[in-house]
Structures are given as structure tokens and as C-alpha cells.
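Asker: Starting off with a structure, shown below.
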Amino acid sequence: MTALWALVVRDVRLALRAGGGTLLAAAFFATVAALVPLGVGPDLQLLARIAGGVLWVAALLATLLTLDRLFQVDFEDGSLDVLALSPVTLEAICAAKMAAHWLTTGLPLILLAPVLALLFNMNTEAYGVLLLSLGIGTPALTAIGHIGAGITVSLKRGGLILSLLVLPLEVPIIIFGAAAVMNAADGGQTALLLLAAFSLGAVILSPFATAAAVRLNLGS
Amino acid sequence: MKNDRSRPAPSLANPKRFLEIVHVILPWVGTLAGLLLLGGFYWALFEVPPDYQQGESVRIMFVHVPAAWMSLFVYGLIAVSSFVGLVFAHPLADVAAKTAAPLGAVFTALALVTGSLWGKPMWGAYWVWDARLTSELILLLIYFGYIALWYAIEDPARAGRVAAVFALVGAVDLPIIHFSVNWWHSLHQPASVLRMGAPTMSAAYLWPLGIMALGYTVFFIWLWLLRIRTEVRKRRLRSILLQGSTG
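Here it is, written out as C-alpha cells:
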């Protein structure tokens with residue numbers, strides 16, 4: 019347990035320090051969201067209607083940006099081999115890395131989302147549902163993203179193919195997440211429950227798929 | 040690659056034996072596919088009466104529906120092959136999965152194109168965000184990702200295993216994607232969607248549709264065997280060249 023905790027702390031530190039992805043992903047999230055009104059026009063009613071969908075797409079893209087270096091840095095400097103050889107199972111290590119990634123990517127997005135929702139003139143009663151849906155859904159983005167990152171870890175230009183692999187698999191997240199916000203008036207409960215079901219399944223299964231992919235890429 | 044995966048192989052797993060069998064049955068499978076498709080096309084395009092509601096455009100169904108079936112069927116085959124490849128290290132399973140993928144992608148694209156051509160007279164637009172069209176589109180994207188992954192990894196053995204992991208993840212996710220898209224579609228019920236096909240299809244349509252579906256399947260099997268044979272030969276050539284360059 020201490021070993022896993024140390025790994026989480028290490029990954030969080032790395033993300034926060036070495037010009038890590040944390041702030042970049044959040045800044046990207048804000049930039050994409052700010053570009054959309056420039057594209058579709060400043061009609062406040064239209065913006066209020068599409069706010070949930072836009073913020074969810076932006077969150078998905080921002081998470082995607084951080085994925086390609088997840089395992090790759092550790093793969094290149096050999097620490098992934100060390101981690102794979104440690105007595106802790108690779109599945110647990112992947113779960114720890116997922117936790118660290120969510121803390122440094124998912125959480126900042128959730129904190130930033132209400133500010134962006136303001137720019138979109140979103141209904142006040144939808145704020146709670148937006149935060150709840152992001153809180154439930156971003157772990158699933160992290161989980162599926164990790165599978166893709168594990169699959170592409172040994173590829174030299176893995177970033178592009180990573181998005182091709184991961185984005186179609188994330189379709190349910192965007193559908194349930196955006197639908198929850200859009201139906202916030204009547205609670206958006208069905209969508210939230212479906213999102214929660216998908217998210218739980220993804221978080222539970224992802225470490226196994228990710229570990230299998232990483233193992234194959236390490237060639238053992 | 041460690042050698043702990045070698046085990047007594049079942050007879051069809053032996054590529055040499057497999058190639059011998061393929062060599063014998065390939066012309067027969069090809070002939071059967073040709074006959075079925077020709078017969079099916081003739082029946083569907085000339086013999087079947089036009090629909091009382093859709094008119095002649097109902098004939099698109101005979102090209103469209105079997106293609107949509109095949110798109111899912113082939114993905115299922117890829118998933119099963121991937122599973123066999125990962126678990127039993129069957130030497131031909133990776134090859135089978137790899138060679139089926141482009142065929143599946145073409146069937147999916149065919150289903151999309153014919154679907155949108157059919158949509159124009161029925162819905163008044165080439166593309167509506169119909170639940171089934173949307174699911175097919177996402178399936179096509181998954182095919183693209185799978186094929187791209189094969190091309191991105193140089194070592195075929197590793198590419199096979201890694202792609203198999205992705206194929207299985209996709210197989211788990213695909214039903215969920217399909218459900219979510221259906222749910223999303225019923226949430227945003229579009230203004231006018233003509234209900235296609237009465238709940239009971241008359242036998243006049245059902246029989247040629249069945250023949251076409253069978254024809255598509257046999258045609259796919261023919262191409263699949265052909266591609267597996269080509270891939271096995273390509274790999275043999277590759278290993279011969281590699282031996283030549285090192286030895």
C-alpha cells in the first residue's frame with residue numbers, strides 16, 4: 019500500500035512540477051470552450067443550450083492531450099520496467115497511475131468548469147448537475163485513456179493513433195454526460211445513473227486491460 | 040519473445056496444413072460466392088416487386104442490410120480470433136484477426152454509403168443522426184483505429200497481441216456504445232423518421248435478402264481465406280529475408 023501511495027505522490031509531483039500537463043490541460047479546456055462562442059456566435063440562448071455538450075467535448079479533448087506521455091516517459095527512461103519487476107502487481111500500479119492522473123487532470127477540469135459555464139450563460143440549476151456529471155464521468159475518461167496509453171506506449175508517434183483508438187470508445191461518456199447537463203431541469207437522473215454505471219465498469223476493468231497492454235509492450 | 044508459448048498445435052493451427060486445405064477449397068468457395076451473389080442480385084434487382092411505400096428504392100435494402108450484418112459479424116470474428124490469439128497463442132489467430140479487419144471496414148463503409156443513399160429518398164437527407172447510422176459510423180472509426188494500430192507496430196507478433204487487447208476492449212465497449220447511441224437517439228427524437236420496413240417482412244423480400252446475406256458471408260469467407268494465405272506467405276518471405284540478412 020505504501021508503495022502504491024508513493025507512486026501516486028510521485029506521479030502527482032511529476033505532473034505538477036516538470037512543466038507537467040496539469041495546468042496545460044486546464045488551459046486547453048478553457049481555450050476550446052472559449053473558441054466555441056467565437057465559432058457559433060454570441061447568441062446567449064444558443065450558448066446556454068449547447069453549454070453542457072461543449073464543456074463535455076472540451077473536457078474529453080483536454081484529457082486526451084495528457085494521455086500520450088502517461089506511460090511513455092516511464093517507458094523511455096526505464097522506470098516502467100522497474101515498476102513491472104516490482105513485487106506489486108502491474109494492475110495495481112496502473113490503478114495508482116490512474117488515480118494520480120485523475121487528481122492532476124480530472125480534478126482541475128471540474129474546478130474550472132463552473133467558471134466556463136458562466137461564460138456560456140448556463141442555467142443556474144444545471145451547475146450542480148454539471149459538476150456531478152464531470153465528477154462521475156472524468157474517472158471514466160482517465161480509465162479508457164489509460165487503456166489507449168498502455169496500448170500505444172512503445173509507439174514512437176503514439177499520440178495521433180492514441181486519439182483514434184480512444185475517442186470512439188468514449189462515446190457513451192460524452193452522450194450520458196452531456197445529456198445529464200441538458201436535462202438538468204428534471205434532474206438528469208437517468209443519464210447520471212447510466213454515466214455512473216459506465217464509469218464504475220471502466221474504472222474497474224481498465225487496470226487489467228492497461229496492465230495486459232503494457233506487459234505485451236514491454237515484451238515479457 | 041520467449042519460447043514458453045510453444046505447445047502441440049491442433050491440426051488447423053499448422054500454417055502448412057492450413058494452406059494445403061485452403062488451396063483445395065478456395066476455388067469452390069469463390070464459385071459458390073459468385074453464384075450466390077449473382078443469383079441474389081438478379082432476384083433482388085429484377086424479380087422482387089417494388090414496395091408499395093418505398094417504390095424501387097427498397098432494392099437498396101438488399102445491398103445495405105447484409106453489409107450492416109457483416110460489419111458486426113466480422114468484428115465478432117476479430118474479437119474471437121483475438122481472444123484465441125491472446126489466450127492460446129494460436130499462430131493463425133493473429134493473422135485471421137488482422138486480415139479480417141479491412142474487409143469488415145469495407146462492409147461497414149458500404150453499409151454507411153448505401154444507408155445514406157437510401158436515406159435521401161426516405162428521410163430527405165443523406166445523413167440523419169439515426170441511431171443505427173451513428174453506431175455504424177462509430178464502428179467504422181473503431182475499425183480504422185484497429186487497422187492503424189496494426190500498421191503502427193513493426194514486429195508482427197507484438198502487433199498481434201497489442202491489437203488483440205484493443206479488439207477485446209472494443210468488443211466489450213461496442214454493445215455499450217450501441218445502447219448509449221440508441222438511448223441518445225430516443226432522447227433527441229427527430230421530427231420525422233419514416234418507420235422503415237413493416238414489422239413483418241413479406242416472404243417476397245425475405246428470401247432474396249437471405250440469399251444476399253449468405254452470398255455476402257461466403258464472399259467474405261473467400262476473401263478472408265485468400266488474405267490469410269497472402270499474409271502467411273508474406274510473413275514467410277519476411278522471415279526468409281531476415282534470415283538472409285543476418286546469416
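Protein chains in written order, with the numbering used here: chain P, 19 to 238; chain D, 40 to 286.
C-beta: ideal position from N, C-alpha, C; glycine also.
Looking at the secondary structure, which residues open and close the alpha helix (DSSP H) in which Glu175 (chain D) lies?
Answerer: Against the second sequence, residue 175 (chain D) aligns to sequence position 136. Ala170 to Ala191 is the span of the alpha helix (DSSP H), which, as asked, contains Glu175 (chain D).
Asker: Please list the terminal residues of the continuous alpha helix (DSSP H) segment that includes Val152 (chain D).
Answerer: Numbered from its first residue, the second sequence carries residue 152 (chain D) at position 113. Its alpha helix (DSSP H) spans residues Pro130 to Trp162.
Asker: Does Phe216 (chain P) have its Cβ less than 8 angstroms from a Cβ in chain D?
Answerer: Position 198 of the first sequence, counted from the first residue, corresponds to residue 216 (chain P). Chain D contact via Cβ: present.
Asker: Using DSSP's beta-bridge definition, name the partner residues of Gly94 (chain D).
Answerer: The count along the second sequence starts at 1 and reaches residue 94 (chain D) at position 55. D:Asp90.
Asker: Quick one: measure Cβ to Cβ for Ala231 (chain P) and Ile169 (chain P), integer angstroms, because I've assumed they're closer than 8 angstroms.
Answerer: Translated into the one-based positions of the first sequence, residue 231 (chain P) becomes position 213. Translated into the one-based positions of the first sequence, residue 169 (chain P) becomes position 151. Ala231 (chain P) to Ile169 (chain P), Cβ: 4 angstroms. Contact.
Asker: So does the stretch 266-273 of chain D actually touch the stretch 58-70 of chain D, counting three or more Cβ pairs closer than 8 angstroms?
Answerer: The stretch 266-273 of chain D vs the stretch 58-70 of chain D: in contact.
Asker: With a threshold of 8 angstroms between beta-carbons, can Val208 (chain D) be considered close to chain P, or not?
Answerer: Working through the second sequence from its first residue, we reach residue 208 (chain D) at position 169. Closer than 8 angstroms to some Cβ of chain P, the Cβ of Val208 (chain D) qualifies, so yes.
Asker: Give the DSSP-derived three-state secondary structure of Asn221 (chain D) in the structure shown.
Answerer: Here residue 221 (chain D) corresponds to residue number 182 of the second sequence, with the count starting at 1. Three-state result, Asn221 (chain D): helix.
Asker: Could you give the residue range of the alpha helix (DSSP H) that holds Arg56 (chain D)?
Answerer: On the second sequence, position 17 is the one that residue 56 (chain D) refers to. Pro54 to Tyr81 is the span of the alpha helix (DSSP H), which, as asked, contains Arg56 (chain D).
Asker: So which residues on chain P does Asp212 (chain D) lean against when the C-beta distance must stay under 7 angstroms?
Answerer: Counting from 1 along the second sequence, the entry for residue 212 (chain D) is found at position 173. Correct list: Leu187.
Asker: Should the stretch 124-136 of chain P be called in touch with the stretch 147-165 of chain P, which here means at least 3 C-beta pairs below 8 angstroms?
Answerer: The stretch 124-136 of chain P vs the stretch 147-165 of chain P: in contact.
Asker: Using CA coordinates, which residue listed in P:Leu25, P:Leu137, P:Pro60 and P:Met116 is at the minimum distance from Val11 (chain P)?
Answerer: Because residue 11 (chain P) is not part of the residues shown, which for chain P are 19 to 238, the question remains open.
Asker: So, for Val54 (chain P): in the same chain, excluding its five sequence neighbours on each side, which residues have a beta-carbon less than 7 angstroms away from its beta-carbon?
Answerer: Walking along the first sequence from the start, residue 54 (chain P) turns up at place 36. Contacts found: Val72.
Asker: Can you pull the chain P residues whose beta carbon is under 9 angstroms from the beta carbon of Val220 (chain D), in chain order?
Answerer: Here residue 220 (chain D) corresponds to residue number 181 of the second sequence, with the count starting at 1. Within 9 angstroms Cβ-Cβ: Val189, Pro190 and Ile193.
Asker: Report, in whole angstroms, the separation of the C-beta atoms of Ala229 (chain P) and Leu108 (chain P), which I expect to be a contact under 8 angstroms.
Answerer: On the first sequence, position 211 is the one that residue 229 (chain P) refers to. On the first sequence, position 90 is the one that residue 108 (chain P) refers to. Indeed, because the Cβ distance is near 4 angstroms, the residues count as touching under 8 angstroms.
Asker: Check the C-beta distance from Gly166 (chain P) over to Leu183 (chain P) and give it rounded, since I have them as a contact under 8 angstroms.
Answerer: Here residue 166 (chain P) is taken as the residue at index 148 of the first sequence, counted from 1. Here residue 183 (chain P) is taken as the residue at index 165 of the first sequence, counted from 1. Contact flag correct, Cβ pair sits at about 5 angstroms.
Asker: Along chain P, in chain order, which residues have C-beta atoms closer than 8 angstroms to that of Gly184 (chain D)?
Answerer: Taking the second sequence and counting its residues from 1, one reaches residue 184 (chain D) at position 145. Correct list: Ile179, Leu182, Leu183 and Pro186.
Asker: Please name the residues in the stretch 157-172 of chain P whose beta-carbon is closer than 7 angstroms to at least one beta-carbon of chain D, in chain order.
Answerer: Result list: Ile165 and Ile169.
Asker: Work out the CA separation of Thr81 (chain P) and Ala51 (chain P) for me, nearest whole Å.
Answerer: Residue mapping note: residue 51 (chain P) aligns to position 33 of the first sequence, counting from 1. Residue mapping note: residue 81 (chain P) aligns to position 63 of the first sequence, counting from 1. If I take the Cα positions, the gap works out to 14 angstroms.
Asker: Answer yes or no: do Tyr190 (chain D) and Thr147 (chain D) have a C-beta to C-beta separation smaller than 8 angstroms?
Answerer: Taking the first residue of the second sequence as 1, we reach residue 190 (chain D) at position 151. Taking the first residue of the second sequence as 1, we reach residue 147 (chain D) at position 108. The answer is no: Cβ separation not under 8 angstroms.
Asker: With C-beta atoms as the reference, is Trp82 (chain D) less than 8 angstroms away from Pro214 (chain D)?
Answerer: Residue 82 (chain D) sits at position 43 when you count from the first residue of the second sequence. Residue 214 (chain D) sits at position 175 when you count from the first residue of the second sequence. Contact: no.
Asker: Should Trp291 (chain D) be flagged as near chain P, meaning a C-beta pair shorter than 8 angstroms?
Answerer: Summary: the structure shown does not reach residue 291 (chain D), with chain D confined to residues 40 through 286, and so no result is reported for it.
Asker: Identify the contact partners of Ile177 (chain D) in chain P, using a Cβ-Cβ distance below 8 angstroms as the criterion.
Answerer: As a position in the second sequence, residue 177 (chain D) is number 138, starting the count at 1. Under the 8 angstroms cutoff, chain P gives Pro186 and Val189.
Asker: Based on Cα-Cα distance, which residue from P:Ala202, P:Ala220, P:Asn139 and P:Glu143 lies nearest to Leu62 (chain P)?
Answerer: Numbered from 1 along the first sequence, position 44 holds the residue referred to as residue 62 (chain P). Closest by alpha carbon: P:Asn139.
Asker: If you drop the 5 nearest sequence neighbours on each side, which residues of the same chain put their C-beta closer than 6 angstroms to that of Ser231 (chain D)?
Answerer: Position 192 of the second sequence, counting from 1, holds the residue named residue 231 (chain D). The predicted model places Ser231 (chain D) with a pLDDT of 43, which falls under 50 and marks its position as unreliable; any figure quoted below should be read in that light. Closer than 6 angstroms at Cβ, skipping near neighbours: no residue.
Asker: Using 10 angstroms around the beta-carbon of Asn235 (chain P), count the other beta-carbons present and answer buried if the total reaches 16, otherwise exposed.
Answerer: For this step, residue 235 (chain P) is matched to residue 217 along the first sequence. Buried, since its Cβ has 16 or more Cβ neighbours within 10 Å.
Asker: Which ranges would you report for the alpha helix (DSSP H) in the stretch 124-151 of chain P if only whole runs of at least 4 residues count?
Answerer: If we require 4 residues or more, the alpha helix (DSSP H) runs fully inside the stretch 124-151 of chain P come out as 125-137.
Asker: If you measure from the beta carbon of Gly237 (chain P) to each beta carbon in chain D, is any gap under 8 angstroms?
Answerer: Here residue 237 (chain P) corresponds to residue number 219 of the first sequence, with the count starting at 1. Yes, Gly237 (chain P) lies at the interface with chain D (some Cβ there is under 8 angstroms from its Cβ).
Asker: When the distance is taken between beta carbons, is Ile186 (chain D) closer than 8 angstroms to Ala140 (chain D)?
Answerer: On the second sequence, position 101 is the one that residue 140 (chain D) refers to. On the second sequence, position 147 is the one that residue 186 (chain D) refers to. In contact: Ala140 (chain D) and Ile186 (chain D) (Cβ atoms closer than 8 angstroms).
Asker: In the DSSP assignment, the alpha helix (DSSP H) including Gly176 (chain P) goes from what residue to what residue?
Answerer: Against the first sequence, residue 176 (chain P) aligns to sequence position 158. Gly176 (chain P) -> alpha helix (DSSP H) spans Gly176 to Leu187.
Asker: Beta-carbon within less than 7 angstroms of Thr153 (chain D)'s beta-carbon, same chain only, minus the 5 sequence neighbours each way: which residues are those?
Answerer: In the second sequence, the residue the question calls residue 153 (chain D) occupies position 114. The answer, listed in chain order, is Ile99, Val102, His103 and Ala106.
Asker: Which same chain residues end up closer than 8 angstroms to Glu175 (chain D) when comparing Cβ atoms and leaving out the 5 residues on each side of it in sequence?
Answerer: Here residue 175 (chain D) refers to the residue found at position 136 of the second sequence. Only Ala107, Ser110, Thr147, Ala150, Leu151 and Gly154 meet the Cβ criterion.
Asker: DSSP on Asn201 (chain P), reduced to helix/strand/coil?
Answerer: The residue labelled residue 201 (chain P) in the question sits at position 183 within the first sequence. If DSSP states are grouped into helix, strand and coil, Asn201 (chain P) belongs with coil.
Asker: Using a Cβ cut-off of 8 angstroms, pull out every chain D residue sitting near Leu234 (chain P), in sequence order please.
Answerer: Locating residue 234 (chain P) in the first sequence gives position 216, where the first residue counts as 1. Ordered by position in chain D, the residues that pass the 8 angstroms Cβ test against Leu234 (chain P) are Arg197, Arg200, Val201 and Val204.
Asker: Using 10 angstroms around the beta-carbon of Asp133 (chain D), count the other beta-carbons present and answer buried if the total reaches 16, otherwise exposed.
Answerer: If you number the second sequence from 1, residue 133 (chain D) lands on position 94. So Asp133 (chain D) ends up on the buried side.
Asker: Between the alpha carbons of Pro190 (chain P) and Phe122 (chain D), how many angstroms are there, rounded?
Answerer: Along the first sequence, read from residue 1 onward, the residue named residue 190 (chain P) stands at position 172. Along the second sequence, read from residue 1 onward, the residue named residue 122 (chain D) stands at position 83. The alpha-carbon atoms of Pro190 (chain P) and Phe122 (chain D) are separated by roughly 24 angstroms.
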